[in-house]
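Undergrad: In terms of the working numbering, the sequence shown opens at residue 6 and continues consecutively. A single structure is presented below for examination.
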Amino acid sequence: MGELRVVIVGAGMSGLYMAKMLADRGIGFTVLEKAGEVGGTWRDNRYPGLSVDIPAARYQLEFSPKYDFSAAFPSGPEIQDYLVGVTDEHDLRRHIRFGVEVVDCRWTGGEWLLTLSDGDELGADVVVAATGFLRVPTLPRLPGLDSFAGPAFHSSAWPEGLELAGKRIGIVGSGSSGIQLTAELGARGHAVTQFVRTPQWIETNLNPALAPDELDRARSGPEQGAEVLAALMGRIGQDPRLSDPYWKLAGAGDKRPLAQQALRDDVAAIRDPELRAALTPDFPPGCKRIPKSPTYYDVVQRENVRIVRAGVERVVPEGLVTPDGTVHELDVVVWATGFDTHAYTSPMTVHGRDGRTLHEVWAGRPYSYRGVSVPGFPNLFLLHGPFSPINNVPVPDTLRDETGYLCRLVEIAARDQVALEPTHEATEAFRARLAELIPQTVWGSGCTSWYQGADGLPVIWPWFEAEHRALFADLAEQDLLRVPLGVPVAAGEGA
Ligand code: NAP
6 MGELRVVIVG AGMSGLYMAK MLADRGIGFT VLEKAGEVGG TWRDNRYPGL
56 SVDIPAARYQ LEFSPKYDFS AAFPSGPEIQ DYLVGVTDEH DLRRHIRFGV
106 EVVDCRWTGG EWLLTLSDGD ELGADVVVAA TGFLRVPTLP RLPGLDSFAG
156 PAFHSSAWPE GLELAGKRIG IVGSGSSGIQ LTAELGARGH AVTQFVRTPQ
206 WIETNLNPAL APDELDRARS GPEQGAEVLA ALMGRIGQDP RLSDPYWKLA
256 GAGDKRPLAQ QALRDDVAAI RDPELRAALT PDFPPGCKRI PKSPTYYDVV
306 QRENVRIVRA GVERVVPEGL VTPDGTVHEL DVVVWATGFD THAYTSPMTV
356 HGRDGRTLHE VWAGRPYSYR GVSVPGFPNL FLLHGPFSPI NNVPVPDTLR
406 DETGYLCRLV EIAARDQVAL EPTHEATEAF RARLAELIPQ TVWGSGCTSW
456 YQGADGLPVI WPWFEAEHRA LFADLAEQDL LRVPLGVPVA AGEGA
């Protein structure tokens, strides 16, 4: 079997997972990481109150089980420490080149040519874009955006050592980041104003911590650890009406009213009718990703927290202006305004077999075969590409299936010295199944969310987790086109 040059772009959870799978199979590879440390979104997001919204038992890599997280929904820094630990435990660091960004990636007819930010060029037979979907921050395009006199920053760029005592803090946004920030800073007693353009449904699960004796037991062995985590899950107090994780999918319509009532009951606990009305959503739950916070509804009722039920329209040196013309005076502004979840590999440009970029091929409507590959882009593999699960299957489980499948493709590519890409027919068939199913899911119910594609079709996986596993267990070689490696071929040709 000939050696292939495999490059993974990004050393977040996805890149690390792929790296470990390749290492296990004895396949050589290099990881290129633009920052100075692994972790991706967990490295970048350091805001107060950050915690993962998937239980610890489901948010870990199967080859690095960890039973002694401190709580059911561990903090962001704890997840970041875990990822750094995974890297060192599996000796992955020696494969990573830090501080280099891939600027351009071009299929030259027989290989990929990568141009790096330091001017270097690198040839590759396989490129795995593990570039993440919560990476490119979105700031609203508002008049005067840069005019604010105090610190103003995106939630994923929290300034180290920022002093908040005595400051009036504005938090713009009511997604998971805005909710967690408001809950945390409000609980700490800071003067917080949250700008809520669209109120969210919120799950109020508790976040129980592991007691010292449980930590000891968790550390005594995998069986005990798994038991401790399972018991911890039992203490999060999830409303049984929300416990079926598939109530958002097609065919589960009858479970949705129950879920909605469970969430409505939580908002109803807000005593002030005006505040309650301001924070009651008017769209079907689940359509936007549901933030989790055990404390948000309590915290917003404190005197030091103010909810402004409006979007921000303008920025002035002294604060933020809402549509009614009110200037809300502030000392610090946090833009918890989300991410460009359709950026995929951007700003890296990727030119395929016919010279067109991924961006051009997608023309604002990203698509893929199985979420991991695109016709015309041989041996280019995406982790969490368009229509990969980013909601109803925990990320580590998605990665288990996707990386397992991709490694099998890399083995075929090495054995036969070919580059593989999906056929147009197979990709169209995949798209047709999505277009049929997605409108029947909660995400197809018409509210705007970061899943929404330019054509209105939410870019989301509409199936169960078991179907994800089964799909990727099937190699479906008939769906793949084989392009010779190392031999320049004319644009558009395949074998
Ligand atoms: P997000 O869900 O996209 O929320 C962005 C928010 O900004 C929305 O509430 C949006 O309002 C608001 N917004 C944008 N422009 C505005 C303006 N001019 N005035 C007022 N509000 C404005 O972003 P996010 O909260 O960063 O979360 C993104 C995803 O990251 C989450 O869904 C989740 O998957 C992940 N995440 C996970 C965790 C965790 O695991 N604990 C924590 C944080 C984030 P509209 O709704 O009206 O557009």
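Beta carbons are placed, not taken as given, at the ideal position from N, Cα and C, and that holds for glycine.
Do G343 and T143 have their C-beta atoms within less than 8 Å of each other?
TA: Here residue 343 refers to the residue found at position 338 when the sequence shown is read from its first residue. Here residue 143 refers to the residue found at position 138 when the sequence shown is read from its first residue. In contact: G343 and T143 (Cβ atoms closer than 8 Å).
Undergrad: Checking 8 Å against the spacing of the C-beta atoms, do Q205 and K293 come in under that value?
TA: Position 200 of the sequence shown, counted from the start, is the residue given in the question as residue 205. Position 288 of the sequence shown, counted from the start, is the residue given in the question as residue 293. Cβ atoms of Q205 and K293: closer than 8 Å.
Undergrad: Going by the C-beta, is P380 closer than 7 Å to any heavy atom of the ligand NAP?
TA: As a working note, residue 380 is residue 375 in the sequence shown. No, the ligand NAP has no heavy atom inside 7 Å of this Cβ.
Undergrad: By Cβ distance below 6 Å, which residues in the same chain neighbour S450 in space, the five residues on each side in sequence not counted?
TA: Residue mapping note: residue 450 aligns to position 445 of the sequence shown, counting from 1. Same-chain partners within the cutoff: P289 and C292.
Undergrad: Need the endpoints of the alpha helix (DSSP H) that I465 sits in, please.
TA: Locating residue 465 in the sequence shown gives position 460, counting from the first residue. Where I465 is concerned, there is no enclosing alpha helix (DSSP H), given that its DSSP letter is neither H nor E.
Undergrad: What is the C-beta distance between G45 and G15, in whole angstroms, given that I count them as a contact (C-beta under 8 Å)?
TA: As a working note, residue 45 is residue 40 in the sequence shown. As a working note, residue 15 is residue 10 in the sequence shown. Rounded, the Cβ-Cβ distance is 7 Å, consistent with contact.
Undergrad: Quick one: measure Cβ to Cβ for T350 and A192, integer angstroms, because I've assumed they're closer than 8 Å.
TA: As a position in the sequence shown, residue 350 is number 345, starting the count at 1. As a position in the sequence shown, residue 192 is number 187, starting the count at 1. With a Cβ gap of about 38 Å, T350 and A192 do not count as contacting.
Undergrad: For L167, name the three-state secondary structure that DSSP assigns.
TA: Start at 1 with the first residue of the sequence shown, and residue 167 comes out as number 162. In this structure, L167 counts as coil in the three-state DSSP scheme.
Undergrad: Starting from the N-terminal side, write out each stretch of the beta strand (DSSP E) that is 3 residues or longer and does not extend beyond the region 10-73.
TA: Segments of the beta strand (DSSP E) lying fully in the region 10-73: 11-14 and 35-38.
Undergrad: Using the C-alpha atoms, what's the distance from R173 back to V12?
TA: As a working note, residue 12 is residue 7 in the sequence shown. As a working note, residue 173 is residue 168 in the sequence shown. Between V12 and R173, the C-alpha separation is close to 46 Å.
Undergrad: Taking Cβ positions, are N397 and W466 nearer each other than 8 Å?
TA: Taking the sequence shown and counting its residues from 1, one reaches residue 397 at position 392. Taking the sequence shown and counting its residues from 1, one reaches residue 466 at position 461. Yes.
Undergrad: Would you say the beta carbon of S75 comes nearer than 7 Å to a heavy atom of the ligand NAP?
TA: The sequence position of residue 75 within the sequence shown is 70, counting from 1. Not under cutoff, so the answer is no.
Undergrad: Could you have a look at Q422 and say whether DSSP puts it in helix, strand or coil?
TA: Position 417 of the sequence shown, counted from the first residue, corresponds to residue 422. Q422 falls in the coil class under three-state DSSP.
Undergrad: Can we count G183 as close to the ligand NAP, meaning its CB is less than 7 Å from some heavy atom?
TA: In the sequence shown, counting from the first residue as 1, residue 183 sits at position 178. Indeed, a heavy atom of the ligand NAP lies less than 7 Å from the Cβ.
Undergrad: How many angstroms separate the CA atom of L372 from the CA atom of R307?
TA: Position 367 of the sequence shown holds residue 372. Position 302 of the sequence shown holds residue 307. Here residue 372 turns out to be Tyr, not Leu, going by the sequence shown. The straight-line gap from Cα to Cα measures roughly 45 Å.
Undergrad: Measuring from the CB of G180, is there a heavy atom of the ligand NAP at a distance below 7 Å?
TA: On the sequence shown, position 175 is the one that residue 180 refers to. Yes.
Undergrad: Can you find a heavy atom of the ligand NAP that lies under 7 Å from the Cβ of G45?
TA: Looking up residue 45 in the sequence shown gives position 40. Not under cutoff, so the answer is no.
Undergrad: Just to confirm the assignment: which complete alpha helix (DSSP H) runs, minimum length 4, are found wholly within the region 160-206?
TA: Here the runs fully enclosed are 181-192.
Undergrad: With a threshold of 8 Å on Cβ separation, who are the neighbours of I32 within its own chain once the five nearest residues in sequence on each side are excluded?
TA: Taking the first residue of the sequence shown as position 1, residue 32 is located at position 27. Answer for I32: L9, V11, C412, V415, E416 and A419, listed in chain order.
Undergrad: Please report the residue range of the beta strand (DSSP E) in which V321 lies.
TA: Position 316 of the sequence shown, counted from the start, is the residue given in the question as residue 321. Run containing V321: R319 to V321, per the beta strand (DSSP E) assignment.
Undergrad: Using 8 Å for Cβ pairs, my map puts F469 next to Y251. What's the rounded Cβ distance?
TA: Walking along the sequence shown from the start, residue 469 turns up at place 464. Walking along the sequence shown from the start, residue 251 turns up at place 246. Sure, about 6 Å apart at Cβ, within 8 Å.
Undergrad: Would you identify the three-state DSSP class for Q306, choosing helix, strand or coil?
TA: On the sequence shown, residue 306 is found 301 positions in, with the first residue counted as 1. In the structure shown, Q306 sits in coil (DSSP, three-state: anything other than H, G, I, E or B).
Undergrad: With hydrogens ignored, establish whether the beta-carbon of A196 is closer than 7 Å to any heavy atom of the ligand NAP.
TA: In the sequence shown, the residue the question calls residue 196 occupies position 191. Incorrect: A196 has no Cβ contact closer than 7 Å to the ligand NAP.
Undergrad: For V321, is the beta carbon positioned less than 7 Å from some heavy atom of the ligand NAP?
TA: Working through the sequence shown from its first residue, we reach residue 321 at position 316. Not under cutoff, so the answer is no.
Undergrad: Could you tell me whether any non-hydrogen atom of the ligand NAP is closer than 7 Å to the CB of P286?
TA: The residue labelled residue 286 in the question sits at position 281 within the sequence shown. Because no heavy atom of the ligand NAP lies under 7 Å away, the Cβ of P286 does not count as near it: no.
Undergrad: Are the beta-carbon atoms belonging to P213 and L237 less than 8 Å from one another?
TA: The residue given as residue 213 occupies position 208 in the sequence shown. The residue given as residue 237 occupies position 232 in the sequence shown. Yes, these two residues count as a Cβ contact at 8 Å.
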